[in-house]
Structure formats: structure tokens, C-alpha cells
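K.L.:
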């Protein structure tokens, strides 16, 4: 498979997952607000962690002085000038799909193209304004549909493995950010039995873990929640699970490519998987959740970079050195704001 | 006679469907019964369903103008154009004759130039064509074929006679729309296609693949073929992708390819893989910055050298644009006579050459009656529709012709044939042309039918998609279904 194609497929999967996570996050925050009751609630407290999760506090503050639900949801969902918005994630997923349209099934392509037509449509914008929950659910369904179709139409070869890699690494990254927003919260449960630890419950809901967690643990004990989302080996959105899945995809890719020994991405991902398997939640809390997650995120980034070097850029470029300097071999993927030069240049050819 | 066509007026034009008001040509009978029995709202519901499907599937082309480069669907009119067997057999024979002569001509002028030595065509006219590439003289190309994929434009005049308007021997586009239009018809009118012996077009992908595989060096048993695209912002990107998918070959951009030791490789996740045949959808000028335009980032530096050495094949070959020059086009009947000793089966539109002083004077005296075209423009650009132009426009064009007569040709205004097209809630006549696709590999194959393009604007004669054109499915209707030729060739 072309390196550029691999890169685009990886990013297509990441962007779909990104849009899905953002939808769920917006949905659960809205629910949390409703649960908290309207009286005397400081809205900003609920929306600020969302901006922190997506890393958009700074760009938001350039547009709006105050943190208000209406502004934050619009900024995260539909703003075309926010490169991380749901709209732009779906566009980027769809543009990447377009560059590899000959490689993916027609059904995958159509599902992404329909989703993008929906979020760009006047109907979509009205729905977001009047019934935002229905809008987020539509995006969620779009992502589920994409994953279901990908699962049932993609041959279990390279394309499949790059799809899985993109999905798992994005999911792990977003889960780590989500956990980080709770790192400042108290781990103590409220004193009386009826009190509901709303933030922790919302955390579970925002990653579809509510029922799965309830089935295992009756009590919403914060440290158990952290352990579940970080270290559990059975829940498909836990970081340990995502990393194990990424490792399995990478093993297949390295074997397919005939890479000998222990290629760099496999070493990074394997080491992280082992660490997660042998770490206890007490150790995590002793380190401090925030610091632990900081380290985890840089290790996830390291894996992403190693994948890029190994499969897209080719670490072993000695063969090519004379004709093509390494720097000139760019990523093939489409990103929300990276294509202007290329677009201009290709248009000139018209 | 059914209601949808009751008020249809063919007027004074040659109408594909009605020989006169209320009188249908026999090959349209079954279809008129079926389409005509629909109410306007039923018909328009089917049309809308097809449009929505095209949008969902991204069967689009890119329009520039705003910042995003909007994707539009290529307007599609549901009512198919039908060509009866006997008519098609003539068209097909004419196209095969023409591509054969054109390839012999290209091989000749890039080698011995016998046709020039024998004075069958004027030397200065051919060699001054701006797409003639003298640096390619003497380079051997696989099997001596230069044009592998040709999209000839045919029109019919007021009497219904077919003429060749252009040959399009560089990178003709539109085949994907021909295929998608047929798919849409299968959804919209399944019963009709089942009932009528319409020749299928869906073998195009495998025919194209075979044509390309034929070009690979003989030593390569299982050649790697790629489609080279300028990228997703090119207006025809959908087509590039679609054809790659139909053939089951990768679509690549210039940056995916790299040259080592005059061989072409693509960069894959498993390292470098050699490429043997490139179906390039990039013009000569942008193909290789080492040879042609230095500022092109779309091409592949060194690919021309690899081609010269015979390590990779290009389709179409370099320098085929010389045959697309509209002044050289005028010589094709002479080529057919010279190389094949035959008369053309499909005539040219009578063409006056600006380069000939007598004809140039005639053009300048008759600007109000003629269509004047720049020899290297296409897509409906760079032309003057004499009868519709203002005095000032004609005067300006006249000056341009005087300054550079070689660059212009003129033709009489043809009253192109018309076909009913659905407008709002009824049918009206619109001008059409036909672009059949001709493939030239181990033998010449013509896809039955092609893309019928429609000038959707009332009265307009310009069918190009960039100028408000649309398309129709084209049905080649066989007399006897049992007699229909097999569309696929047996595996070699």
C-alpha cells in the first residue's frame, strides 16, 4: 500500500473517532448540567473542562470573553474557524477518505460523505441550534455506522490495521485527556449515601462506560473509576485496552512489511502495554493522576511519531537520499488547515 | 401517445427522438411508452432520487470561485439517448478507422516523417503545432501506439449526419460519468433496461486495464499499473479515483513516485515498488519538471527519462497533442487516405485554416457566419460564435486572427441535433453531442455508446460541463438480443 494512503487511512480513522468523542462529551456535559439543576450553578465550571480536554482554551478565549454554554457548544461543534471543531474533524475525515477512495469500500466512503453533508447542511445547523442532543446523537450514529461498515467491509490487511491504529490511538489520547480533567477532583465520596458524585458519573457516561462499570462495581468509587478507565483490560475504551489493540495492529503491520527484530513503534507500544498491565491504581495516584497522564500522553505521541517514521516516511531512506531529501517527503494526510498551498498550486493547473 | 410528450416540439432541428411533432422514431418507441406514461411529478421524483444519490456518492466535479472549491454534481438528465444498431456500427467503424490513422500519423511524424516528405500534408503546419515535441523524435514507444485512450467528440447536423468535431487524444475525461449514468439508469428505470437489448458499458474498467497492461515491457508478466492524478483538488479527481477503482489499481500523486536508475517506483508501506505503466491524467507540461515546466510540483522528476529508456510506459504517450491541434485535425481525412488508402467513414466538419491566406481572407469576411476557434483551446474556451457575437467582439477576434493566423480555424455553425430534456415539469429540446471512448491496445475497442453531453441552456450549442452542460446516458440498442457481441475479451 502507498505510504500516503496508509497515512490518510490512519488519520481518517482518528478524525472520525475525534468527532465521536467530542459529541459524547458535549452530550454528557449537557446532561450533567441538567442533573445539577439550574439554580445557582456556575455554567462555566461545567464547560471549562471541555475546552481543556480539547486543548482549545486559548483559541476560544480569542473569540469569547466569557465561557457560556451556547458559545462553547457552537465553538466545539460547528465553528469553521476552529480547526478542532466537530465540523472540521468530519471534513478532515471525509477529505482523507476522498484521497483513498479507491482503497476503501464504497459503503465507508458514502457513510462519511453523508455525515459530512449532514453537518454542513442547513438542516444540521438548525438541528444543532434547536435540539443539540439530537444533533450529537446523529454524529455519534454516523461514527458507529462508519466503524460498523469498516468492520464488515474491510479485508483484514494493511488498511484494516491502519484503521484500527488510528481509532485506538485517538481513543486512548482522548480518554487520557478526559481523565486529566478529573485530576483535580476529590477522590473522597460525598458523606451521605444519597449524594451522587455527579462529575464522576458524567465521566463514565462521556465514554459510554456507565453500564459496563456498574456491572462490575456497584459503588461509584472515584479511584475504581480511574482504574477502570485507565487499566482495565476488558473495557474497549480503557487506555490499557486501546494500547493492547494498537500493539496487535502494529504487530501485524510489522510482520507484513517484513521488518526484522523489534521495530521502533512496536517497542514503544509494547513497553507501554506492559507498564499498564503491571501498574496499580494506587501507584498512579501516588505519582499524581495529572503527572501520570502527562507522561502517558507523551508516550502515545511517541508511538504515533514512530509509526509515521516507519511506514510513511521510511526510517531507512539511505536508498533515496540523493534524489529525495527526507524533509521533502511529507505526510499524505489531509488536516484541517494544512492544505492551502497545495490547493492553490493544484488549481493553477486548471 | 402519452401525455408527457404531447406538447413536445422538435421545431426546425434534427431531433433524436421525433422525426416531426408527435411522430417518434421507431427505436424510441418502447422507451416513450414507459417514460411518457409517468406524470411530471413521478418523473421528477426519480430525477431527484438520482441527483441525491450522486451527491451522497460524491459523483461530483470541483467548481472554483469560492474559497472551498465546491463540489457539484454533473447535471444529469434521466431520459437516455438511444442509438440504433445500424447507426452505431457506422460510428464504430469510423472511430476505429480514425484512431488507426491518427496513431500511424503520430508514429510517422515522431520517426521518419514520410507523410511530410511525400507532401501529403504541409510540413510547416504540422511541425509548428505547439504540442509537437521534436525532442521525442526517434523515441520508440511500446507497439508504436501513441493514443491509447481517445474521447472523440461527435455531433450530428440538421440532417442527422454524424461529424467528428474533435479527437481529444491527450487526457479525455468523462468515462466515469458514462459508467455512473448507466448505474443511475439501472436504479431509475430497471424495467426498461431489462426489456430492451441495450449494450452494457460496464466492461470499460477491465478493457482499460487490458489496454494499459498491453503497454508493459514484455519481460514483465504481472505489470504494476497506476493512475497518476494531480490530486484531490483537480476538477476530475472523482474520475481518476473511479477509474483506478474500476481497474483495481492504485491512484498515485507525483509525490508518491520516485525515480531510481531510470526506473519508476512508488513509495509503499513496505518500501519501494516498481511501476510499469502509468495512466497519467496530468498534461505533458506538468509531467516532469526536469523536461517540461520547471515549476510543476505535480509531476515526477525524471519520469520522462525512464520512459525514453523503455522502463515505464505512459498512456497516453508524450506529444499526442499535435493531433489535437485544430489545424492538424483538418488534415485527418488526408491521413486516412495516405496511410489506409480509404475515404473517411466519419467526415470532418468543413474547416477553414487561418494559416492559408485565401482561407484566412474568407474567415475574416464571414466572421458573422462562422465559429472561430483557437487551435489549442478546448472546453468551449477561446472561441467566437460568429452569429451570436457582437460587432465589437467580432472586430476584436478579427484582429487576433490577423496577428496570428496559424492559431485559428473556422467552421460553419452546425445546427447540432436536439434531444428532449426534462425542464421543470415538461420536456424541451436541447442540443447534444456524443463522446464515445476508444481504447487502443492489442486491438481497437470502442465502448458501445459513450457520454452524451447536453447544452442545458436553452438555445446554447456549448455542451461543456464548465459552461453549463449536463449529460445523458447513451443506449446502443441492438436489433436482436441474441446477436449482441460479448463486451469482455476472453482472458489471455
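Residue numbers (my numbering), protein chains in the order written: chain Z, 26 to 375; chain D, 4 to 495.
Glycine included, every Cβ here is placed at the ideal spot set by N, Cα and C.
Nothing here was measured: the structure is a model prediction, and the numbers come from that model.
With 16 other CB atoms within 10 Å as the buried threshold, where does residue 224 of chain D fall?
P.N.:
Looking at its Cβ environment, which holds fewer than 16 other Cβ atoms inside 10 Å, residue 224 of chain D is exposed.
K.L.:
For residue 31 of chain Z, which residues in chain D fall below 9 Å Cβ to Cβ?
P.N.:
Ordered by position in chain D, the residues that pass the 9 Å Cβ test against residue 31 of chain Z are 271, 272.
K.L.:
For a minimum of 3 consecutive residues, which ranges assigned as the beta strand (DSSP E) are wholly contained in the region 444–487 of chain D?
P.N.:
Here the runs fully enclosed are 447–449, 454–458, 472–480.
K.L.:
With 16 as the cutoff for other CB atoms within 10 Å, does residue 214 of chain D come out buried or exposed?
P.N.:
Buried, since its Cβ has 16 or more Cβ neighbours within 10 Å.
K.L.:
Please classify residue 198 of chain D: is it buried, with 16 or more other beta-carbons within 10 angstroms of its beta-carbon, or exposed?
P.N.:
Exposed, because fewer than 16 other Cβ atoms sit within 10 Å of the Cβ of residue 198 of chain D.
K.L.:
What does residue 138 of chain Z reach in chain D if we use C-beta pairs closer than 9 Å?
P.N.:
What residue 138 of chain Z touches in chain D: 58, 59, 60, 61.
K.L.:
How about the region 165–173 of chain D and the region 138–147 of chain D: do they share at least three Cβ pairs that are nearer than 8 Å?
P.N.:
No, the region 165–173 of chain D is not in contact with the region 138–147 of chain D.
K.L.:
Is it a yes or a no for the region 302–317 of chain Z touching the region 232–243 of chain Z, going by three-plus beta-carbon pairs under 8 Å?
P.N.:
Output reads no: the region 232–243 of chain Z does not touch the region 302–317 of chain Z.
K.L.:
When DSSP labels each residue in this structure, what does residue 162 of chain Z get in the three-state scheme?
P.N.:
In the structure shown, residue 162 of chain Z sits in a helix (DSSP, three-state: H, G or I).
K.L.:
At 7 Å on the CB atoms, spell out the chain D contacts of residue 287 of chain Z, in chain order.
P.N.:
Here the premise fails: no neighbours, minimum Cβ distance about 18 Å.
K.L.:
Should the region 435–447 of chain D be called in touch with the region 79–98 of chain D, which here means at least 3 C-beta pairs below 8 Å?
P.N.:
With a cut-off of 8 Å, the region 79–98 of chain D and the region 435–447 of chain D count as touching, because enough Cβ pairs lie within range.
K.L.:
To the nearest angstrom, how far is it from the Cα of residue 316 of chain D to the Cα of residue 301 of chain D?
P.N.:
Spanning the two alpha carbons is a distance of roughly 18 Å.
K.L.:
Is it true that the CB of residue 329 of chain D sits closer than 9 Å to the CB of residue 169 of chain D?
P.N.:
A contact, by the Cβ cut-off of 9 Å.
K.L.:
Okay, do the region 141–153 of chain D and the region 108–116 of chain D touch, 3+ Cβ pairs below 8 Å being the bar?
P.N.:
Yes: at least three Cβ pairs fall under 8 Å.
K.L.:
Anyone know if the C-beta pair for residue 49 of chain Z and residue 194 of chain Z falls short of 9 Å?
P.N.:
Against a cut-off of 9 Å, the Cβ pair of residue 194 of chain Z and residue 49 of chain Z comes out as no contact.
K.L.:
Note down, in chain order, each residue of its chain lying with its Cβ closer than 7 Å to the Cβ of residue 474 of chain D, except the 5 sequence neighbours on either side.
P.N.:
The answer, listed in chain order, is 77, 79, 180, 184, 454, 455, 456, 457.
K.L.:
With DSSP as the reference, identify every bridge partner of residue 377 of chain D, one or two as the case may be.
P.N.:
Its beta-bridge partners are D:411.
K.L.:
Does the distance from the CB of residue 44 of chain Z to the CB of residue 118 of chain Z come in under 9 Å?
P.N.:
Their beta carbons are under 9 Å apart, which means residue 44 of chain Z touches residue 118 of chain Z by this criterion.
K.L.:
Once the 5 residues before and after residue 324 of chain D are set aside, which same chain residues still bring their CB inside 6 Å of it?
P.N.:
Excluding residues within five positions, the ones whose Cβ falls inside 6 Å are 134, 173.
K.L.:
Indicate whether at least one CB of chain D lies closer than 9 Å to the CB of residue 26 of chain Z.
P.N.:
It does; some Cβ of chain D falls within 9 Å.
K.L.:
Output needed for residue 58 of chain Z: all residues of its chain with C-beta closer than 6 Å, excluding positions within five of it in sequence on either side, in chain order.
P.N.:
Around residue 58 of chain Z: 71.
K.L.:
Can you find a CB in chain Z that lies within less than 9 Å of the CB of residue 247 of chain D?
P.N.:
Chain Z, which has a Cβ nearer than 9 Å to the Cβ of residue 247 of chain D, makes this yes.
K.L.:
Between the alpha carbons of residue 345 of chain Z and residue 170 of chain Z, how many angstroms are there, rounded?
P.N.:
With a pLDDT of only 45 at residue 345 of chain Z, under the threshold of 50, the placement of this residue in the model should not be trusted, and no figure is reported.
K.L.:
The region 234–245 of chain D: which residues have C-beta closer than 7 Å to a C-beta of chain Z, in chain order?
P.N.:
Answer in chain order: 234, 235, 236, 237, 238, 244.
K.L.:
Run down chain D in chain order and give the residues with a C-beta less than 7 Å from the C-beta of residue 124 of chain Z.
P.N.:
Result: 235.
K.L.:
Roughly how many whole angstroms lie between the Cα atoms of residue 459 of chain D and residue 54 of chain D?
P.N.:
So the two alpha carbons sit approximately 16 Å from each other.
K.L.:
Measure the beta-carbon distance from residue 389 of chain D to residue 374 of chain D and round it to whole angstroms, keeping in mind my assumption that it falls under 8 Å.
P.N.:
Contact holds; Cβ gap of about 6 Å.
K.L.:
What are the boundary residues of the beta strand (DSSP E) that includes residue 169 of chain D?
P.N.:
Here the beta strand (DSSP E) through residue 169 of chain D covers 165–169.
K.L.:
Between the region 165–190 of chain Z and chain D, which residues of the former have CB atoms less than 9 Å from a CB of the latter, in chain order?
P.N.:
Listed in sequence order: 183, 187.
K.L.:
Using the beta-carbon count (16 or more within 10 Å), is residue 315 of chain Z buried or exposed?
P.N.:
Its Cβ having fewer than 16 others within 10 Å, residue 315 of chain Z is exposed.
K.L.:
Taking the alpha helix (DSSP H) that residue 230 of chain Z belongs to, which residues open and close that run?
P.N.:
Its alpha helix (DSSP H) spans residues 223–231.
K.L.:
Run through the DSSP bridge pairs and tell me what residue 318 of chain D is partnered with.
P.N.:
In the DSSP output, where bridge partners are listed per residue, residue 318 of chain D has D:282.
K.L.:
Count the CB pairs spanning the region 411–420 of chain D and the region 356–376 of chain D that are closer than 8 Å, and state whether there are at least three.
P.N.:
Yes, the region 411–420 of chain D touches the region 356–376 of chain D.
K.L.:
For residue 266 of chain D, write down the residues that DSSP places opposite it in a beta bridge.
P.N.:
DSSP lists D:263 as partners of residue 266 of chain D.
K.L.:
Run through the region 41–96 of chain Z for me and flag every whole alpha helix (DSSP H) of 4 or more residues, listed as ranges in chain order.
P.N.:
Whole alpha helix (DSSP H) segments, 4+ residues: 68–79, 82–88.
K.L.:
Mind checking whether residue 44 of chain D and residue 428 of chain D have CB atoms under 9 Å apart?
P.N.:
Yes, they are a contact pair.
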